[in-house]
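Residue numbering for the sequence shown follows this note's numbering, starting at -17 and increasing by one per position. For glycine and all other residues, C-beta sits at the position ideal for the given N, C-alpha and C. As the structure is a computational prediction, the values presented were derived from the model and not from experiment.
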Amino acid sequence: NAVDEVLDLVFDPILTMMKRANKRRTKETWLTSSQANTLWARQKITEGLWDETTASEGYEDVLASALYEGELPYPTIPDIVAYSRYHGDADNPWSEFQKWWNINPREWPVWEWLGQQRLNTLQSQTLLKRGAMSEPEFYAEIGYIGWPSFERDKIKDLSYILPNSMLMVQGGLIQEHSPETILKNISKADIHPDYAQTYLDAVMTKPASIDLMAYHLRKDPSLSTLEQELKKIGIHPNYTDIYKTLAYQIPPVADIITMAVRE
């Protein structure tokens, strides 16, 4: 009731303080056997203290030793299965395994199978591509691996890589694909759709600078738009004057001499 709860709240701290004061005087708390085993295994206490601690809990010497052995780290069953393959018969490790673990023989096939290596998804895909695994075998294997039936066609599709974006462009042009199809295929080859057109513009062949100069000389001898056109093919504006100068050809030396003579 409410009175008892109030009394508990009042007296619990007082009782706790009294218990702690008593324990400080008597010091009756000992290490547990598990704590002693851990410390003895790490050589942090003497054997005499270990003996005294386990004896205080009522353990006979033989049982204390057994308890100590039981609490030491020990290889797991899968670890021992692997060890037995290397140190026994790799195809039949049961005889070596029995020296280290005592399990029900009925459970052994399960442990043996769990310790075996199995094909993973990537390895199965590689074997399929190399023709070392048929499609039915591939679908069965990825089913064993854990892929659900509705995902298996996708996993098969992922077995193969696509041509890179450049090859997608070149192949699409040769095959006369529509611009929309080329852009779609560029994105299939890992280029973000928002940048597919930019990629296509970048990889398409452009006229050489000499061709641009010759063309613009015919269209506009003043070359007023040459800088803009050269910039499109990667020529820095700082070098436009060089290209403009080179655009106007100097007559051959023989022609210059002939002209000078005539004058």
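Between Y225 and I215, the C-beta spacing is not below 8 Å. About 28 Å separates the beta carbon of E53 from that of S77, a gap too long to meet the 8 Å contact definition. Judged by DSSP in its simplified three-state form, D223 adopts helix.
The beta-carbon distance between L165 and Q152, rounded to whole angstroms, is 14 Å. This is too long to meet the 8 Å contact definition.
The Cβ atoms of I173 and Y181 sit closer than 8 Å to each other. The Cβ atoms of T227 and L208 do not sit closer than 8 Å to each other.
Ranked by Cα distance from I62, the options G128, N84, A229 are led by N84. By the C-beta criterion, the region 121 to 129 is judged not to be in contact with the region 139 to 159, since fewer than 3 inter-stretch pairs fall below 8 Å. Taking 8 Å as the cut-off, the Cβ atoms of I124 and T108 do not count as close. Taking C-beta atoms as the reference points, F120 and K136 fail to come closer than 8 Å. For the pair K111 and Y68, the CB atoms are not nearer than the 8 Å cut-off. According to DSSP, residue pairing for N102 in a beta bridge does not occur. Per the coordinates, the alpha-carbon of R88 lies some 14 Å from the alpha-carbon of L96. It is roughly 46 Å from the alpha-carbon of A171 to the alpha-carbon of Y65. CA-CA distance, P55 to R100, rounds to 28 Å. Here the alpha carbons of S169 and A229 stand approximately 40 Å from one another. Assignment of beta-bridge partners to N86 by DSSP yields no partner.
Around the C-beta of P118, fewer than 16 other C-beta atoms lie within 10 Å, and the residue is accordingly described as exposed. Rounded to whole angstroms, the separation of the alpha carbons of L140 and L155 is 25 Å. Taking every protein chain shown into account, the CB of M186 has fewer than 16 other CB atoms within 10 angstroms, so this residue is exposed. Assignment of N146 by DSSP, reduced to helix, strand and coil, places it in the coil class. Membership of Q231 in any alpha helix (DSSP H) is not indicated, and neither H nor E is assigned to it by DSSP. Counting every other CB atom within 10 Å of its CB across the protein chains shown gives A18 a total of 16 or more, marking it as buried.
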